[in-house]
């Protein structure tokens, strides 16, 4: 039995769930607000956006997203996918089906990340749409005269994705551990707030705090939008490997499943 | 003697509190049987079934299914088992069809199988209705449909009639019997209601406080229970009767005589003996404690 079958089964389970709608709503919120601001407040917003309109537009978008909304979305999506099994009392049926523990763990993990990628993709598309709406609604905007900076957009997406890997892997582990939805979300929220405070105080070990990584990436891409990874992004990759393996062995060695 | 599908050897289990939940369980489920796994709530039925399905790690003892050791062959064995453990496990936000689709691929069943099992459990008309809107009986039937997707030769059902109305109970029983009769499916079904097991099982295992108190065919259980019964006699003169029946080792009890279990011929002979000796017989009654009583008796020990 191949991994892709397990993945198909997992994706089917997300149909009509909160995790799916959260990914869409999370992606749509900022572009929607931006569109409203552009349409109803063109006079005040448009000046200053004539040159490098898309770059400014996207940076502002990620600025609004990175500090709090994005980590919060990651915390929620990591909790919601395992919650499908907890809520329906279906873990036992999953573990009594002919799948290896690795298949169960990694197909679910991949489902979480496909949701995150869906959210990123949708965010980018809706941000593009929001720029187009601005240009169509008012002649003061110059979006269409500026080239779309595909390369720096890709760098932005890639690096912000890397910046959430540490959080995503730790939250996924926590969410598989706790039956109660409140536990992983509460722990995640507390760690996020603590990390934001540490970021505010410019703590010298800030690179080692996964929940500060999105902020650090934002800070870094404000300076340069290249593919070169910052130190904390390497940390994020390291945490991802560490927490993903820890979560896997924790599940594998569990004496009581389902 | 037919092959044994499930065999556990000296299966014991202790949960963290130090209470021995299972003590040396030697379960033997013969091929083609409907094995009623009987015991009061908390006796260790679910723990045993969870061990058999690999949901609990075996602490001591050994499990063989289809003649293979379970742990090293887990996946290949699970492919041949359909299971329903405790309450139905269904995705409430999905329809009946979608719930089946989730498991169909995992078991490698063909797409046409979904309609077949839906018809089998009479849920083919539920359309876009979500599983959470189903009645408990429908949920239970859908869970059975999931368990049947891949034509498993072995079904493990934990209290499948729990919470069902009388009609649902009959339907479930008929379904289990039909699968056993027509498809030769071996069924291990647990229950805490003896009458339930009596109506469907061919073999019975009685578990109480973690120990297997009885195991054998339904007939074995019936004769065991007969032997535990006795013959109650009331006469106009009990002491004279006791004298006459001395060879049967009678015991006086609340104004009647109790004799150990007797065959029909012996009962007729006893009656004749009493009447011919001039002792008026008021009552002559075999106390064939029904299964319910013997179950209570066994579990009261």
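Residue numbers (our numbering), protein chains in the order written: chain E, 1 to 258; chain B, 259 to 559.
For glycine and all other residues, C-beta sits at the position ideal for the given N, C-alpha and C.
Quantities reported herein were computed from a predicted structural model and do not represent experimental measurements.
Beta-carbon proximity list for residue i, same chain, < 7 Å, skipping 5 on both sides
| i | result |
| --- | --- |
| residue 119/E | 23, 26, 27 and 73 |
| residue 187/E | 174 |
| residue 259/B | For residue 259/B, the predicted model reports a pLDDT of 46, less than 50, meaning its position is unreliable and no value from the coordinates is stated. |
| residue 431/B | 457 and 458 |
| residue 138/E | 42 and 46 |
| residue 153/E | 58 and 124 |
| residue 144/E | 135 |
| residue 421/B | 394 |
| residue 411/B | 338, 443 and 444 |
| residue 181/E | 79 and 83 |
Assigned exposure category for residue i - 16 Cβ within 10 Å defines buried
| i | result |
| --- | --- |
| residue 201/E | exposed |
| residue 538/B | exposed |
| residue 359/B | buried |
| residue 222/E | exposed |
| residue 521/B | exposed |
| residue 508/B | buried |
| residue 533/B | exposed |
| residue 416/B | buried |
| residue 340/B | buried |
| residue 105/E | buried |
| residue 258/E | buried |
| residue 135/E | buried |
| residue 30/E | buried |
| residue 224/E | exposed |
| residue 243/E | buried |
| residue 527/B | exposed |
| residue 249/E | exposed |
| residue 48/E | exposed |
| residue 455/B | buried |
Test item: CB-CB of residue i and residue j under 8 Å
| i | j | result |
| --- | --- | --- |
| residue 292/B | residue 482/B | no |
| residue 141/E | residue 38/E | yes |
| residue 343/B | residue 308/B | yes |
| residue 314/B | residue 256/E | yes |
| residue 211/E | residue 78/E | no |
| residue 17/E | residue 251/E | no |
| residue 426/B | residue 395/B | yes |
| residue 284/B | residue 270/B | no |
| residue 347/B | residue 89/E | yes |
| residue 52/E | residue 356/B | no |
| residue 353/B | residue 390/B | no |
| residue 379/B | residue 403/B | yes |
| residue 294/B | residue 450/B | no |
| residue 170/E | residue 107/E | no |
| residue 265/B | residue 286/B | yes |
| residue 499/B | residue 515/B | yes |
| residue 155/E | residue 226/E | yes |
| residue 63/E | residue 218/E | yes |
| residue 288/B | residue 409/B | no |
| residue 111/E | residue 209/E | no |
| residue 86/E | residue 179/E | yes |
| residue 239/E | residue 166/E | yes |
| residue 468/B | residue 278/B | yes |
| residue 193/E | residue 364/B | no |
| residue 510/B | residue 496/B | yes |
| residue 502/B | residue 531/B | yes |
Nonlocal neighbours in the same chain, by C-beta distance under 8 Å from residue i, ignoring five residues either side
| i | result |
| --- | --- |
| residue 164/E | 70, 71, 74, 116, 213, 214 and 236 |
| residue 246/E | 173 |
| residue 157/E | 120 and 124 |
| residue 529/B | 539 and 542 |
CB-CB length for residue i against residue j, believed under 8 Å
| i | j | result |
| --- | --- | --- |
| residue 280/B | residue 262/B | Their Cβ separation, rounded to whole angstroms, is 19 Å, which puts residue 280/B and residue 262/B out of contact at 8 Å. |
| residue 61/E | residue 40/E | The Cβ separation is near 18 Å, so there is no contact. |
| residue 97/E | residue 349/B | Rounded, the Cβ-Cβ distance is 13 Å, inconsistent with contact. |
| residue 447/B | residue 418/B | 6 Å |
| residue 185/E | residue 65/E | Incorrect: roughly 19 Å between the Cβ atoms, too far for contact. |
Cβ neighbours of residue i in the same chain (closer than 6 Å, five flanking residues each side left out)
| i | result |
| --- | --- |
| residue 232/E | 207, 213 and 216 |
| residue 301/B | 465 and 466 |
| residue 401/B | 342 and 346 |
| residue 177/E | none |
| residue 13/E | 84 |
| residue 230/E | 220 |
| residue 406/B | 340 and 375 |
| residue 54/E | 146, 148 and 149 |
| residue 80/E | 18 and 19 |
heavy atom of the ligand FMN below 7 Å from residue i C-beta
| i | result |
| --- | --- |
| residue 536/B | This structure lacks the ligand FMN; in fact it carries no ligand of any kind. |
contact_flag[the segment 382–401 of chain B, the segment 321–335 of chain B] where n(CB pairs < 8 Å) is 3 or more: The way I'd put it, the segment 382–401 of chain B doesn't touch the segment 321–335 of chain B; fewer than three beta-carbon pairs between them come closer than 8 Å.
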